[in-house]
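A.B. asks:
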Amino acid sequence: MSVGTLGGESVPWPCRLALSGCADPWHWPPLTSAVMQWMEVYNRSFCQPKEMLVPVSEEHPAEVEHLLAPSCVPLHRCAGCCADEGLQCVPTRMHVVVMEVMEGRAGERNSRGSPHFPVNLVSPLFFCRPKTNSKVNPERSSCPPCLDKRKRQDPQTCQCRCRRRSQHCRDRGLELNEHSCRCEKLRR
Numbered sequence: 064m065s066v067g068t069l070g071g072e073s074v075p076w077p078c079r080l081a082l083s084g085c086a087d088p089w090h091w092p093p094l095t096s097a098v099m100q101w102m103e104v105y106n107r108s109f110c111q112p113k114e115m116l117v118p119v120s121e122e123h124p125a126e127v128e129h130l131l132a133p134s135c136v137p138l139h140r141c142a143g144c145c146a147d148e149g150l151q152c153v154p155t156r157m158h159v160v161v162m163e164v165m166e167g168r169a170g171e172r173n174s175r176g177s178p179h180f181p182v183n184l185v186s187p188l189f190f191c192r193p194k195t196n197s198k199v200n201p202e203r204s205s206c207p208p209c210l211d212k213r214k215r216q217d218p219q220t221c222q223c224r225c226r227r228r229s230q231h232c233r234d235r236g237l238e239l240n241e242h243s244c245r246c247e248k249l250r251r
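In our numbering, the protein residues as written are 64 to 251.
So, in structure tokens, the structure goes:
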């Protein structure tokens, strides 16, 4: 990695200007030794939507075989810390953002007949919130999973029981077959 000087200090350049079009390091904000106040640190680090550069290939894996420009687009993502480590920062609602990207080299026509095409990308809508993080949940089931999709596991007994309730079948004048988990005609 190349190293330059900025404000009299050595600064690693994250990319080469001529090849990738990165921002000129001479226009970076000056390095200072000012201390950021606690309240500003707290407000900046709390769970909230933040603009981030997201690779288009991450959102549209089918497009990885094409050269896209730009390869990253600015989208809002939920980021930050929650007051409790058992929580994670998640969006309250999502919306689709349509951005135009270019496929191939500038001036060339692609399979769509134009060098530009719209891409649908998903971004959180306004708010993020803390949510219980299931990965932190220590109460993992040690029971083997049910193989029949019509059944679910009773966490107390580890037995697979029908998802459908017998009342559901009775309301239709039928009875629940506990083996097949289907509503069947009453046997008399």
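Beta carbons are placed, not taken as given, at the ideal position from N, Cα and C, and that holds for glycine. No experiment lies behind these values; they were computed from the predicted model shown.
1) Mark residue 230 as exposed unless 16 or more other C-beta atoms lie within 10 angstroms of its C-beta, in which case mark it buried.
2) Per DSSP, what kind of secondary structure is residue 151 in: helix, strand or coil?
3) Please name the residue or residues paired with residue 138 in a DSSP beta bridge.
4) Could you work out which residue in 242, 137 and 193 is closest to residue 214 when comparing CA atoms only?
5) In this structure, what does DSSP give as the bridge partners for residue 193?
6) Please state whether DSSP places residue 202 in a helix, a strand or coil.
7) Thinking just about the alpha-carbon of each residue, which of 159, 161, 150 and 146 is nearest to the one in residue 106?
8) Going by DSSP, what residue range makes up the beta strand (DSSP E) through residue 216?
9) Could you give the distance in angstroms between the alpha-carbon of residue 144 and the alpha-carbon of residue 152?
10) When DSSP labels each residue in this structure, what does residue 158 get in the three-state scheme?
11) Tell me the rounded alpha-carbon separation between residue 207 and residue 232.
12) Starting from residue 103, trace the alpha helix (DSSP H) both ways and give me its first and last residue.
13) With DSSP collapsed to three states, give me the class of residue 144.
14) With a CB to CB cut of under 6 Å and the five nearest residues on each side skipped, what residues in its chain are close to residue 110?
15) Given a cut-off of 8 Å on the beta-carbon distance, is the pair residue 165 and residue 138 in contact?
16) In angstroms with no decimal places, state the Cα-to-Cα distance between residue 120 and residue 114.
C.D. replies: According to the structure data:
1) exposed
2) strand
3) 115
4) 242
5) 152
6) Residue placement at residue 202 cannot be trusted, given a pLDDT of 43 that sits under 50; what the coordinates show is reported in the next sentence. If DSSP states are grouped into helix, strand and coil, residue 202 belongs with coil.
7) 146
8) 214 to 216
9) 7 Å
10) strand
11) 28 Å
12) 101 to 108
13) strand
14) 143, 145, 152, 191 and 193
15) no
16) 18 Å
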